[in-house]
Each structure stands twice: as C-alpha cells, then as structure tokens.
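S.K.: Chains as they are written, first to last, in our numbering: chain A, 1 to 225; chain B, 226 to 450.
C-beta atoms are modelled at their ideal positions from N, C-alpha and C, and glycine is treated no differently.
Keep in mind it's a predicted model, so treat the numbers as computed, not measured.
Number of protein chains: 2
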Amino acid sequence: MSKPTILRDSVKDHLLHLIRQGEIEIGKTINLAALSRTLNISVTPIREALTQLEQSRILKAVPNRGFIVPKLSLTEAENLYRTIADLEVLAVEGTVYDEQLVKELRNEQLHLQQTHTPSARLASRVNFHRILIKNCPNTILTEILHDLESRVLFYEQMFVLDASFYEHIDNQNEAIIRAIEEDNVPTAALILNMNWMTVLEYVQKQLVLQQSTNYEVVSLSVLKQ
Amino acid sequence: MSKPTILRDSVKDHLLHLIRQGEIEIGKTINLAALSRTLNISVTPIREALTQLEQSRILKAVPNRGFIVPKLSLTEAENLYRTIADLEVLAVEGTVYDEQLVKELRNEQLHLQQTHTPSARLASRVNFHRILIKNCPNTILTEILHDLESRVLFYEQMFVLDASFYEHIDNQNEAIIRAIEEDNVPTAALILNMNWMTVLEYVQKQLVLQQSTNYEVVSLSVLKQ
DNA sequence: GGGAGATAAATCGTATACGATTATTTTTAC
DNA sequence: GTAAAAATAATCGTATACGATTTATCTCCC
C-alpha cells in the first residue's frame, strides 16, 4: 500500500531540478501559467511548492510580482558556507565510519576523478558529502545540512567550476578519506573545513567577477549617452 | 511606502501563536474550514501557510487527512536540543558582547527572575537566548536557530515547567552572563551547552512520563474487555 | 531619439467550486 | 449488546474564476 502522491511534493522536486540546472534566471519571476501548462496541472500545487521553497529560503517571494531565485551576496555566501562547514564537522564528529562507509566514500571519490562534465562533477561532489554524513545519528543535523546544501547548489552549478578547482577538491577529499581511515577525526574535520572554505573562496571570486562584469555593462551604457 | 500584507504570512504567524499556546492538539488534524471561518479568509492562504510550516517541520502533512502537530519522540528531542546547543555555542563564539548587549541580557535575566507564570517564564527564557545571539554576524546561523527553537517551543510550553526547573535555568543564565562579562567565552559556551542539556533532560522526563500515562490508559481499557 | 503618460495585456494572490478520501453515523446481522 | 457493513457527512487537495497589481506596449511631446 503506497503513499499517495501529493502534487506539491512532485512540483517541489521538479522546481529544485530546474533551479539546479540553472534553468531559472536569478531575479526573474517564475512564471506560474507557463509552469502550469508545462506540468499540465493547476497553479494551486505549484504555488504551494513555491511557498515551501520560499520557506526554505531557496526562493524569495516578491509580493504581487511572484517568486524569484535571489541573488547571492558575498556576505550570505560566506555565512552559508561557514555554517555548512561547521555543521558538517559536527556531523562527521558524530559519525562512526565502518568499512562499508569508507568503501562508499572511496567509490564516490573514484567516480569524481573519472568524471569530466561540470554538472557530473558537482553531483559527485555532493554525493561525497552526502555519504560523509550518511550515518550521522543526528537526523536534525543532517536535515539542516541537506537544506543548506540545496541552497548553495544552484550558485555552484552556475559558476562552471574549472579543472584546477576539482583538482584541489580531489586532493582534499583524498585527505579526508585517509584521515577517516586512520580514525583521525580532528584532522578529517580540519580538512573538511578547509574544503568548504576552498569552495567559498571560489564562489566569492566568481561573485566578485560577476559584479564587476555587471559594473562594466552599466558603465558602457552610460558612455552611450 | 509599506510592504503589502501577504495573507499566508499573517496566517503563519497566527498558526505559530496557536501552536505555541497549545491550542492545537498533538496528532489532531488542523481544521481548514474552521480556521477559514475564524480568520474570515479562504482556505488558499491557509494551506499555503500550512505547507510552509510543513516545510519547517513544525507541522506534518498527512495525505488526505490534513496537517498535524507531530508527536515528539525521545530521539528527535535529543537531536533537536543537541543541535540547538551546538549551534548556539557557535553563534556565541562568533559574537562580540559589548556593554549594551550585556545590559540587555541582565535586564532579561532580571525579568525572568521576577516573572511567575509558566508562559511568561518561557517567553523570557526565549528572549534571553534571542539576545544572546542577537549580534551574531552569521545570519544564516541565527535563522536556523530561530527555526529550531520554534520547533521545540510548543513542546516546552506543554510541559508546564516547574519552579525548580527555572531555578536551575536562572543559575545557569547567571553563570553565562558572568562568563561573558569576563570575556570567558569557552566557559559561557560550556554552561550554555549544559543549559540546553538541562532542558533536554526535563523534556525527556516529561515525554517518558507522558508515555507511561498513555500506557496505563491503554491497559485500563484492555481490562474493561 | 528619449521620456512621460495612458492603455492593454499578463500575471499574482485569493476566493470559490468540486471530486476524492476520510471520519462519523446509522443500519444490519449475530 | 457488539461487531461489521453501509450510508452519510465532513474535509482535503486540486482546479477554476476573478479582482488587484505589475509589466509591456503604444502614443504624444519635446
């Protein structure tokens, strides 16, 4: 006897997928009527899903205008990534790593090394972190982490991360696994924190670049006058 | 130029108030039609608010039956309070306590000492913690804490906390303030953690009591047969 | 060509309607 | 009297309708 499908849950998954694929542009209103036609359902469950994503802070509701993916500020990026790092360290410290779990980490690490498209790499990186906290007994903590990671995924996929970035990540993941294998949790935690700080630095760099690109566009249009 | 009122936000506040006042019984479906009549609005924004509270995990949606306040399990209580304690310690470690903030803490502590009804004490205790993290620069962290505390408030108000509990809290708050005044953050953090563990122990005790009370009721009805 | 104002079109947020499901009440059988 | 089945009422989740607001387009004037 299977659980009934609630449309808002399906819509929420679909929306998250669209967001993660970068198919929703920052600042642009998500069009309810278009979504309704695409999904062939009414706007009611769509709105319910959207308001849930608003509650998650993945989306922002602009009254009378609709729902948008908000721009990520430098400050918010910093706060998000620092919090993720801190929480994941807590989760790792609360986890017992048996052989099976280490094996899964190793497999995902191998997969990350063998994968070459940005989206596949991102997915693999995400999986690595999911496996890392998979056996954490504190489900509240893992739920929060899951939510926070959902929030940053969109921005990461947007910044078509390059090869040197993944080489760096690769090395850090490797070191994390090794520390875990040696039951050296403090070291694993330390490298894990560094790992997230690496991501933060990269995202911040891209945000600054993006900002100065926008500034140049504005400057050019001023010169046109 | 003020922001337009979005009904679901007002409804959400109202629902949270009802929940915190214990006016919604655990496990019983929240009646949409009754709420619609009470608030004199349609069920649409009510459902939007409810689905947001579902997303917050304050409520649970039971398909085709509606929304309920879920029962708090011992495990979940432990995970919630441990996570709150850990996060609040992080927030305190990231906060600079100036004279003004310490003064506010002192005032709230005095208020807690002078207040005698359970609901006023709970409100004061909550305020104390809010002031404690008020100047934390990491707004992501404070948002998460705010959400987590919302989740446990209902259960705390339900367990009409007694005088010895508040005496204990009082002492711990006093010690936290003193440690902060001495710029001794590690000690403040330690006592803060103990503070939340005290609350956890009390809530767990009440949950166990409640459980055995329910067991007795079931046993009596079996004997009747 | 650009800005301002007016108008039309599109869209949002909420209300209402309705079929499906659950809860409650009534009826039937033992 | 009790349990099970049937009938009825209540409610949920979704679709549709509609007034309010925003966006896009058009026209006029400088």
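When DSSP builds the beta bridges, which residues end up paired with Ala61(A)?
M.R.: Note: Ala61(A) sits in a beta bridge opposite Phe67(A).
S.K.: Would the beta-carbon of Leu241(B) fall within 8 Å of that of Ser375(B)?
M.R.: In contact: Leu241(B) and Ser375(B) (Cβ atoms closer than 8 Å).
S.K.: Does the beta-carbon distance from Ser349(B) to Thr342(B) come in below 8 Å?
M.R.: For Ser349(B) and Thr342(B), no; Cβs fall outside 8 Å.
S.K.: Compare the beta carbon distance of Ala310(B) and Leu370(B) with 8 Å and say whether it is the shorter of the two.
M.R.: It is not a contact, given that the beta carbons lie outside the stated cut-off.
S.K.: Have a look at Ser235(B) and Leu264(B) and give me their C-alpha separation to the nearest angstrom.
M.R.: Taking the straight line joining both Cα atoms gives about 10 Å.
S.K.: In chain order, what residues of the same chain have a beta carbon less than 6 Å from the beta carbon of Leu243(B), not counting five sequence neighbours either side?
M.R.: Cβ neighbours of Leu243(B) beyond the five flanking positions: Ile249.
S.K.: Relative to the C-alpha of Pro362(B), which candidate in Asn396(B), Gln338(B), Glu318(B) and Leu378(B) has its C-alpha closest?
M.R.: For Pro362(B), the nearest C-alpha among the options comes from Glu318(B).
S.K.: Can you look up Ile249(B) in the DSSP assignment and give me helix, strand or coil?
M.R.: Looking at Ile249(B) - three-state DSSP - the assignment turns out to be coil, as it is neither helix nor strand.
S.K.: Taking its Cβ as the centre, do 16 or more other Cβ atoms sit within 10 Å of Asn79(A), making it buried, or is it exposed?
M.R.: Asn79(A) should be labelled buried.
S.K.: Measuring only the C-alpha atoms, how far is Asn352(B) from Glu167(A)?
M.R.: Answer to the nearest angstrom: the Cα atoms are 47 Å apart.
S.K.: Quick one: list the residues of chain B neighbouring Gln52(A), beta-carbon separation under 8 Å, in chain order.
M.R.: Within chain B, the residues near Gln52(A) are Thr276, Gln277, Glu279 and Gln280.
S.K.: Could one say the Cβ of Asp86(A) lies closer than 8 Å to chain B's Cβ atoms, at least one of them?
M.R.: Closer than 8 Å to some Cβ of chain B, the Cβ of Asp86(A) qualifies, so yes.
S.K.: Roughly how many angstroms separate the alpha carbons of Val377(B) and Tyr306(B), rounded to a whole number?
M.R.: Looking at the two C-alpha atoms, the distance is approximately 8 Å.
S.K.: Rounding to the nearest angstrom, what Cα-Cα distance links Phe384(B) and Gln211(A) in this structure?
M.R.: Each residue's alpha carbon lies about 52 Å from the other.
S.K.: Can the beta-carbon of Leu417(B) be found closer than 8 Å to that of Ile402(B)?
M.R.: Cβ distance not < 8 Å, so Leu417(B) and Ile402(B) don't count as in contact.
S.K.: Give the DSSP-derived three-state secondary structure of Ile244(B) in the structure shown.
M.R.: Residue state, collapsed to three classes: helix.
S.K.: Curious, which full-length beta strand (DSSP E) runs of at least 3 residues does the segment 79 to 139 of chain A contain?
M.R.: Taking only runs of at least 3 residues, no beta strand (DSSP E) segment lies wholly in the segment 79 to 139 of chain A.
S.K.: Determine the direct distance from the alpha carbon of Lys134(A) to that of Glu181(A), and round the result to whole angstroms.
M.R.: C-alpha separation (whole angstroms): 16 Å.
S.K.: Does the CB of Thr95(A) have a neighbour CB from chain B at under 8 Å?
M.R.: Chain B, which has no Cβ nearer than 8 Å to the Cβ of Thr95(A), makes this no.
S.K.: Excluding the 5 residues flanking Arg106(A) on each side, which residues of the same chain have their C-beta closer than 6 Å to its C-beta?
M.R.: Closer than 6 Å at Cβ, skipping near neighbours: no residue.
S.K.: If we ignore side chains and look at the alpha-carbon of each, how far apart do Ile231(B) and Ala404(B) end up?
M.R.: Rounded to the nearest angstrom, the two C-alpha atoms are 43 Å apart.
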